[in-house]
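Engineer: In full-length UniProt numbering, the protein residues as written are 1 to 516.
No residue lacks a Cβ here, since even glycine has one placed at the ideal position from N, Cα and C.
No experiment lies behind these values; they were computed from the predicted model shown.
My questions will all concern the structure given below.
Now the structure itself:
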């Protein structure tokens, strides 16, 4: 993630880092980065649906290490895409790359594809351990910076964009965070985690550079979402002197050359003016606006997540503009609704996650299309008896169509999902999104079972705890392709039974000898 080549470049320069003995402090954790790092760094299963038990154990151990060292974590998760959808092209490219990786893994080859439920399991663990966490409305980086500076504590992530942000207490890369190797202080019995912290001051001092120039450096270098072809014009016209002995990596050459070149200028205005000199007169203003727009990505956000950790809510201008029902806002902020929901709500478009499966068959997401169709209808039906247009489009847009990007064999395919027909299936205004949370539990369950195409009377003899698994099983049997066999049913029943027994054995107070 982050600026191409920068993580490995700074990793070769120990003078950019400060050794820390981390203890007795707050720390802001980039949640998405952490669960990816813990899963892949632990070499857990990525071919057969995921090893969530082992992931749970490892995540428990991680937060236990923090607790032993009296480190208070605050976890921030990414939300959906913002209304501009400017990262759509990059996200589609990533999805296509993941499809190729999933295909390779399905045939015994290499690749990295995160199992589908890792994020949900991670949130369950945070809730169980009472680790405070929040979900940003869009990408979390800028919110993380604001929170870290409010609390004056370091950020834990593995994203080179954080080498650019002006963080008061620095950025600790996860690959240097030795949470498995706790040490004791010489003068006390307190434990600490050995780590290294990237120092913006040391970095800028090395190049004798004004730190306000770093966002311009980042945008010109390009990152996961910013790739300006116009910058190749600049790089083709300028010569960066690099010593021959240092020519090991072309990306590193460009990074070092650009940093040295920018360090000649006193401030951002002077540097920008000199960059624009390499473009034609009629191009200069559009290039200036483009660079300025992308540099805003490196400014701290106006969202104060500290409010959430104190009061359970925070204010977001993005959410205010959308005028979402309060309960939807709350559930998004608390991570109880996935970013998929905000993407569908704002953009009327979603990219379905890739998983390892038989690429010759339909995507496994195909079976749940009728359920997603109901979700889209709910999101569309914000007010009773009304359809609203896409929240980032003009009213002339078709309001009852959503778009999905999903795998078709080894390619990413866009398809449309029409939802207007569901108004006849669910005519009751109680199912309007704004008031759905006010419906009784019985009414909401009825709606849920109707969405699964299962009659509530069939589920009456089933214990409450198993009604949802039973409804899902009925739905699965009805729509599965290839068809479900008796062996599938037996395996599922065995799994459910084992799961309930495991709860009884491992959750205190849930099991007594007289219940055997």
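With a threshold of 8 Å, are at least 3 pairs of Cβ atoms found where one atom belongs to the stretch 192-209 and the other to the stretch 32-42?
Structural biologist: no
Engineer: Are there 16 or more other CB atoms within 10 angstroms of the CB of residue 273, so buried, or fewer, so exposed?
Structural biologist: Taking the first residue of the chain shown as 1, we reach residue 273 at position 273. Exposed, because fewer than 16 other Cβ atoms sit within 10 Å of the Cβ of residue 273.
Engineer: Using 8 Å as the threshold, is the stretch 409-425 in touch with the stretch 358-375, meaning 3 or more CB pairs across them?
Structural biologist: yes
Engineer: Using only the alpha-carbon positions, how far apart do residue 291 and residue 115 sit?
Structural biologist: Counted from its first residue, the chain shown places residue 291 at position 291. Counted from its first residue, the chain shown places residue 115 at position 115. Distance between the alpha carbons of residue 291 and residue 115 is about 36 Å.
Engineer: Which stretch, first to last residue, makes up the alpha helix (DSSP H) that contains residue 126?
Structural biologist: What you label residue 126 is simply residue 126 of the chain shown in a count that begins at 1. That run of the alpha helix (DSSP H) goes 118-129.
Engineer: Would you mind reading off the limits of the beta strand (DSSP E) that contains residue 192?
Structural biologist: The residue given as residue 192 occupies position 192 in the chain shown. Per DSSP, residue 192 belongs to the beta strand (DSSP E) from 191-198.
Engineer: Which residue comes first and which comes last in the beta strand (DSSP E) that contains residue 172?
Structural biologist: To locate residue 172, count along the chain shown from 1; it is residue 172. Counting along the chain, the beta strand (DSSP E) containing residue 172 begins and ends at 171-173.
Engineer: To the nearest angstrom, report how far apart residue 476 and residue 502 are at their CA atoms.
Structural biologist: Within the chain shown, the letter at position 476 stands for residue 476. Within the chain shown, the letter at position 502 stands for residue 502. In a straight line, the C-alpha of residue 476 is about 24 Å away from that of residue 502.
Engineer: What does the alpha-carbon distance come out to for the pair residue 208 and residue 16?
Structural biologist: As a working mapping, residue 208 is identified with position 208 in the chain shown. As a working mapping, residue 16 is identified with position 16 in the chain shown. Each residue's Cα considered, the two are about 13 Å apart.
Engineer: Identify whether residue 384 lies in helix, strand or coil by the three-state DSSP scheme.
Structural biologist: In the chain shown, residue 384 corresponds to position 384, counting from 1. Confidence at residue 384 is low in this model, with a pLDDT of 40, below 50, so its placement is unreliable and the value that follows should be read with caution. If DSSP states are grouped into helix, strand and coil, residue 384 belongs with coil.
Engineer: For residue 474, which residues in the same chain have their Cβ closer than 8 Å to its Cβ, ignoring the five residues on either side in sequence?
Structural biologist: Translated into positions along the chain shown, residue 474 becomes position 474. Answer for residue 474: 452, 453, 454 and 458, listed in chain order.
Engineer: Going by C-alpha to C-alpha distance, which of 481, 329 and 436 sits closest to residue 523?
Structural biologist: For residue 523 there is no data in the structure shown, the boundaries of the chain being 1 and 516.
Engineer: In three-state DSSP terms, what is residue 413?
Structural biologist: Along the chain shown, one-based indexing puts residue 413 at 413. Strand, per DSSP.
Engineer: Do you know offhand how far residue 409's Cα is from residue 281's?
Structural biologist: By 1-based counting over the chain shown, the position of residue 409 is 409. By 1-based counting over the chain shown, the position of residue 281 is 281. The straight-line gap from Cα to Cα measures roughly 47 Å.
Engineer: Give me the Cα-Cα distance between residue 35 and residue 119, rounded to the nearest whole angstrom.
Structural biologist: Along the chain shown, one-based indexing puts residue 35 at 35. Along the chain shown, one-based indexing puts residue 119 at 119. Computed Cα separation, rounded: 7 Å.
Engineer: Using C-beta distances below 8 Å, list every residue in its chain close to residue 398, excluding the 5 sequence neighbours before and after it, in chain order.
Structural biologist: Residue 398 sits at position 398 when you count from the first residue of the chain shown. Because residue 398 carries a pLDDT of 46, less than 50, the predicted location of this residue cannot be relied on, and the following value inherits that uncertainty. None.
Engineer: State the Cα-Cα distance for the pair residue 505 and residue 132, rounded to the nearest angstrom.
Structural biologist: By 1-based counting over the chain shown, the position of residue 505 is 505. By 1-based counting over the chain shown, the position of residue 132 is 132. So the alpha carbons of these two residues sit roughly 28 Å apart.
Engineer: Which residue or residues does DSSP assign as beta-bridge partners of residue 73?
Structural biologist: As a position in the chain shown, residue 73 is number 73, starting the count at 1. Note: residue 73 sits in a beta bridge opposite 27.
Engineer: Check for me: the alpha helix (DSSP H) holding residue 143 runs from which residue to which?
Structural biologist: Sequence index remark: in the chain shown, residue 143 carries index 143 (1-based). Its alpha helix (DSSP H) spans residues 141-151.
Engineer: Evaluate the contact criterion for the stretch 125-145 versus the stretch 296-304: three or more CB pairs, one atom per stretch, below 8 Å.
Structural biologist: yes
Engineer: Would you tell me roughly how many angstroms separate the C-alpha atoms of residue 236 and residue 254, rounded to the nearest one?
Structural biologist: Reading the chain shown from its first residue, position 236 is the one you call residue 236. Reading the chain shown from its first residue, position 254 is the one you call residue 254. Cα to Cα, residue 236 sits roughly 11 Å from residue 254.
Engineer: What would DSSP say about residue 234, mapped onto helix, strand or coil?
Structural biologist: On the chain shown, residue 234 is found 234 positions in, with the first residue counted as 1. Note: residue 234 maps to helix in three-state DSSP.
Engineer: Between residue 125 and residue 212, is the Cβ-Cβ spacing less than 9 Å?
Structural biologist: On the chain shown, residue 125 is found 125 positions in, with the first residue counted as 1. On the chain shown, residue 212 is found 212 positions in, with the first residue counted as 1. Contact flag unset, no.
Engineer: Using a Cβ-Cβ cutoff of less than 7 Å, which residues in the same chain neighbour residue 101 once the five nearest sequence positions on both sides are dropped?
Structural biologist: Here the question's residue 101 lines up with position 101 in the chain shown. Same-chain partners within the cutoff: 111, 112 and 113.
Engineer: Let me confirm a value: residue 98 is counted as buried when at least 16 other C-beta atoms fall within 10 Å, else exposed. Which label applies?
Structural biologist: The residue given as residue 98 occupies position 98 in the chain shown. That one is buried.
Engineer: I'd like to confirm the pairing. Which residues does DSSP put opposite residue 401 in its beta bridges?
Structural biologist: Working through the chain shown from its first residue, we reach residue 401 at position 401. Paired residues: 418.
Engineer: Taking C-alpha atoms, which residue in 139, 174 and 136 lies nearest to residue 154?
Structural biologist: Within the chain shown, numbered from 1, the residue matching residue 154 stands at position 154. The option with the nearest alpha carbon to residue 154 is 174.
Engineer: Is the beta carbon of residue 122 sitting closer than 9 Å to the one on residue 31?
Structural biologist: Residue mapping note: residue 122 aligns to position 122 of the chain shown, counting from 1. Residue mapping note: residue 31 aligns to position 31 of the chain shown, counting from 1. In contact: residue 122 and residue 31 (Cβ atoms closer than 9 Å).
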